[in-house]
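K.L.:
Structure provided below as structure tokens; questions to follow.
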Amino acid sequence: MSTPDRIQQSFAKQGLMTTLGAELTAVEPGFVEIVMKPSPAVSQQHGFVHAGAVSAIADSAAGYAALSVMPAGSGVLTAEFKINLLAPAAGERIVARGRVVKAGRTLTLSQAEVFAVKDGAEKLIALLTATMMTIHSRDGIVD
45 MSTPDRIQQS FAKQGLMTTL GAELTAVEPG FVEIVMKPSP AVSQQHGFVH
95 AGAVSAIADS AAGYAALSVM PAGSGVLTAE FKINLLAPAA GERIVARGRV
145 VKAGRTLTLS QAEVFAVKDG AEKLIALLTA TMMTIHSRDG IVD
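Under the numbering used here, the residue at position 39 of the sequence shown is numbered 83, and the numbers go up by one with no gaps.
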């Protein structure tokens with residue numbers, strides 16, 4: 045199975061991404077893009093997309109970017125992340141782009157930039173940095 049197919053199959057198993065209405069829109073080695081359309085179901089009290097929803101798609105984009113450079117039969121788990129929320133999440137789409145910064149055998153450092161898209165213009169609204177852990181099939185857990 046190709047890496048994009050493996051990642052798409054894994055993404056389809058994530059109930060939270062389905063609940064958020066998030067879609068996997070691009071998969072390349074070391075890069076993943078996830079798009080979410082804002083709705084009242086993911087809003088906070090001021091009408092912006094909730095930081096939890098922004099964090100979730102950023103974490104998934106960073107994690108799947110890491111998985112895209114891991115060997116077949118591996119899985120990925122987030123060991124830690126930090127997110128800077130730079131501006132309110134308001135627009136027609138929220139786009140998270142995850143990239144691998146440095147891949148290792150056990151730990152991979154990834155980042156995700158999150159943009160709010162309004163009238164075709166992108167505005168950076170969040171930056172996530174994460175450490176992703178490779179789960180090997182010998183651990184009994186595979187993606």
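Ideal Cβ positions, reconstructed from N, Cα and C, are used throughout, including at glycine. If you're wondering where the values come from, they're calculated on a predicted model, not measured in any experiment.
Where does D49 land, buried or exposed, given buried means 16+ other C-beta within 10 angstroms?
P.N.:
The residue given as residue 49 occupies position 5 in the sequence shown. By the neighbour-count rule (16 or more Cβ atoms within 10 Å), D49 is not buried but exposed.
K.L.:
Using only CA atoms, which one of L111, Q155, A85 lies nearest to T47?
P.N.:
Counted from its first residue, the sequence shown places residue 47 at position 3. That would be L111, whose Cα lies nearest to the Cα of T47.
K.L.:
Check whether the stretch 84 to 91 and the stretch 143 to 156 touch, using three or more Cβ-Cβ pairs below 8 Å as the test.
P.N.:
With the cut-off at 8 Å, the stretch 84 to 91 and the stretch 143 to 156 do not touch.
K.L.:
Compare the Cα-Cα distances from I138 to each of E67, S54, M177, A109 and report the closest residue.
P.N.:
The sequence position of residue 138 within the sequence shown is 94, counting from 1. Looking at the Cα atoms, E67 is the closest of the given residues.
K.L.:
For A156, count the other beta carbons within 10 Å of its own beta carbon; 16 or more makes it buried, fewer makes it exposed. Which is it?
P.N.:
Here residue 156 is taken as the residue at index 112 of the sequence shown, counted from 1. Buried: at least 16 other Cβ atoms inside 10 Å.
K.L.:
Look at G65 and M45 and say whether their C-beta atoms are less than 9 Å apart.
P.N.:
As a working mapping, residue 65 is identified with position 21 in the sequence shown. As a working mapping, residue 45 is identified with position 1 in the sequence shown. No; because the gap between Cβ atoms is not below 9 Å, this pair is not in contact.
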